[in-house]
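See structure below.
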Ligand SMILES: [Zn+2]
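In my numbering, the protein residues as written are 999 to 1283.
Right, here's the structure in full:
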């Protein structure tokens, strides 16, 4: 296949709308009580992403924290007005593994209500913070279905020290009646799953690795890929968090200045759309 040829499968482009101080890897350094006192960069960063998507004519899905939505209603309305899908990332970024059943259910219900109030339309999708659903807490899918979501994107079927469900199915599958799970894209090489759907890997590895992996999902597996990134990954000027380990520093800050040009290439090299239009087809979206 010619390198410049656009593959005909539409892939899901997703953004986890949380600020640089809300990432799980900083949870020990930054308590939730201090979030309101930290300089917020989400408005500018999501604004840049929306400009980039408008330039490319791409629509995406924004998995948004209720905490952010309450503080930046104009930003949420802009996401919806520009034709993107608003979806839920929970209220304030507790991992599903950190909460018992009742608290988790309350969190994802609250986030859905806050987002729907602003969007004035149903919120169909949910993504657990840090892909924190796996074999040990599959009850989370009961909650996600009970809260009224239609799809989840909470599994990353790889081995990773903070998350991952390496034995989970790699592609969209029904996990509860009426609830589809759409795992982040992986590529199967040497009997193992390797990350293909973004996160730190998109910044750490050369762009061509991401492109090769996503092409393989489209051309060999013949499946749409689920790809994700965070607004802070496009922001080299974000405040540095003191007291973090070398590994966390490396993962969080490496190649931040390269994300925007890489995303431009990614948007041009593949076809992209909102999650609901790709994975909820055949039913009323
Ligand atoms: Zn997150």
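Positions of the beta carbon are idealized from the N, C-alpha and C atoms, including for glycine.
Remember, it's a predicted structure, so these values are computed and weren't measured experimentally.
In the DSSP assignment, the beta strand (DSSP E) including residue i goes from what residue to what residue?
i, result
"residue 1013", "1008 to 1015"
"residue 1177", "1177 to 1179"
"residue 1138", "Unbroken run through residue 1138 is the alpha helix (DSSP H), 1137 to 1144; no beta strand (DSSP E)."
"residue 1185", "1184 to 1187"
"residue 1051", "Per DSSP, residue 1051 belongs to no beta strand (DSSP E); it is in the alpha helix (DSSP H), 1040 to 1054."
"residue 1174", "1171 to 1174"
Going by CA-CA distance only, name the one from the options that's closest to residue i.
i, options, result
"residue 1018", "1247, 1260, 1274, 1273", "1247"
"residue 1180", "1041, 1163, 1117, 1071", "1163"
"residue 1228", "1077, 1006, 1236, 1016", "1016"
"residue 1257", "1086, 1235, 1185, 1175", "1235"
"residue 1024", "1242, 1210, 1089, 1118", "1242"
"residue 1195", "1072, 1212, 1205", "1212"
"residue 1062", "1192, 1087, 1197, 1209", "1087"
Check whether the Cβ of residue i lies closer than 8 Å to any heavy atom of ligand 1, and answer yes or no.
i, result
"residue 1231", "no"
"residue 1182", "no"
"residue 1218", "no"
"residue 1020", "yes"
"residue 1090", "no"
"residue 1017", "no"
"residue 1127", "yes"
"residue 1087", "yes"
"residue 1026", "no"
"residue 1274", "no"
"residue 1105", "no"
"residue 1250", "no"
Need the endpoints of the alpha helix (DSSP H) that residue i sits in, please.
i, result
"residue 1109", "1099 to 1117"
"residue 1257", "1257 to 1267"
"residue 1208", "1205 to 1217"
"residue 1071", "1071 to 1079"
Measuring from the CB of residue i, is there a heavy atom of ligand 3 at a distance below 8 Å?
i, result
"residue 1158", "In terms of ligand content, the structure shown lacks ligand 3 and carries ligand 1 instead."
Say whether the segment 1148 to 1157 touches the segment 1108 to 1127, bearing in mind that this needs 3 or more beta-carbon pairs closer than 8 Å, one atom from each stretch. yes
Any chance the segment 1044 to 1061 sits against the segment 1269 to 1276, with 3 or more Cβ pairs inside 8 Å? yes
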